[in-house]
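Take the sequence shown: its position 45, counted from the start at 1, is 45 in the numbering used here, and no numbers get skipped.
From the three backbone atoms N, C-alpha and C, an ideal C-beta is built for every residue, glycine too.
Written below as structure tokens is the structure these notes are about.
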Amino acid sequence: MDGLIADDWRPLALRLAAALAFGLVLGAEREWRGHDAGIRTHAITALSAATITLSALLLFDALHARGGDADPLRAVQGLAQAIGFIAGGLIFVRGGDVRNMTTAASLWMAAAGGIAAGAGQWRLLALAAAAATLLLTLNLVLQRIGWSRDGDRDAGATRMPNRRGSADQP
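Printed below as a string of structure tokens:
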């Protein structure tokens, strides 16, 4: 598996460190904005995603070497499903306001970056880190130059129509 040997801890440490760094970058922006899911939550999410991915890949190698049939993508699929459930729990609606959408999305991205780091997909991780960081900080730039409507809203709430189609009613 791409030079990943269970006896050599360095490739494992590099992949875990890359996932941790990715989670720290995403979490720093959320922390700076005062959201509950900040540096620790994003870093732990990315680190745990990388750990599960590495474990699945190592198990695949061990089982495949003995002639067994294993599918490491099942672990990634289960991880994506679990993170989706956790991220969905962050989102809440009150009246016409939807809160924590960006935090939930960035937590999902932290897991995706952890999976990429765990799999040793360095180019994918670098591109994802650049794109996610740009997207998370872009709104700050737009607010400063007056192009964002979020500056007028209460703590980043997004107005969404309710089931009756009216977001204007309290």
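Does the Cβ-Cβ distance between residue i and residue j come in under 8 Å?
i	j	result
Gly113	Leu54	no
Leu134	Ser106	no
Arg33	Gly120	no
Gly23	Leu47	yes
Phe60	Ala49	no
Met101	Ile86	no
Ala62	Ala75	no
Closest by CA to residue i, which one among the options?
i	options	result
Gly84	Val93, Gly68, Thr103	Thr103
Ala243	Ala19, Arg94, Gly88, Leu59	No answer is possible for residue 243: it lies beyond the span of the chain, which begins at 1 and ends at 170.
Pro72	Leu58, Arg66, Ala80	Leu58
Ala132	Ala13, Asp69, Ala43, Leu26	Leu26
Leu140	Ile115, Arg30, Leu124, Thr41	Arg30
Ala129	Trp9, Pro11, Ala18	Ala18
Leu12	Arg123, Ala116, Leu124, Arg144	Ala116
Trp108	Arg123, Val98, Ala82, Arg66	Ala82
Taking DSSP as the reference, what is the three-state secondary structure of residue i?
i	result
Arg144	helix
Arg74	helix
Asp61	helix
Arg99	strand
Arg30	helix
Arg244	In the structure as shown, the chain begins at 1 and stops at 170. Residue 244 is therefore absent and cannot be evaluated.
Gly120	coil
Pro11	helix
His177	Because the chain here runs from 1 to 170, residue 177 falls outside it and cannot be looked at.
Gly84	helix
Gly23	helix
Leu16	helix
Arg40	helix
Gly67	coil
Between residue i and residue j, which are expected to be in contact by the criterion C-beta below 8 Å, what is the C-beta distance as a whole number of angstroms?
i	j	result
Ile39	Ala21	So it is not a contact: roughly 12 Å between Cβ atoms.
Ala110	Thr51	Rounded, the Cβ-Cβ distance is 13 Å, inconsistent with contact.
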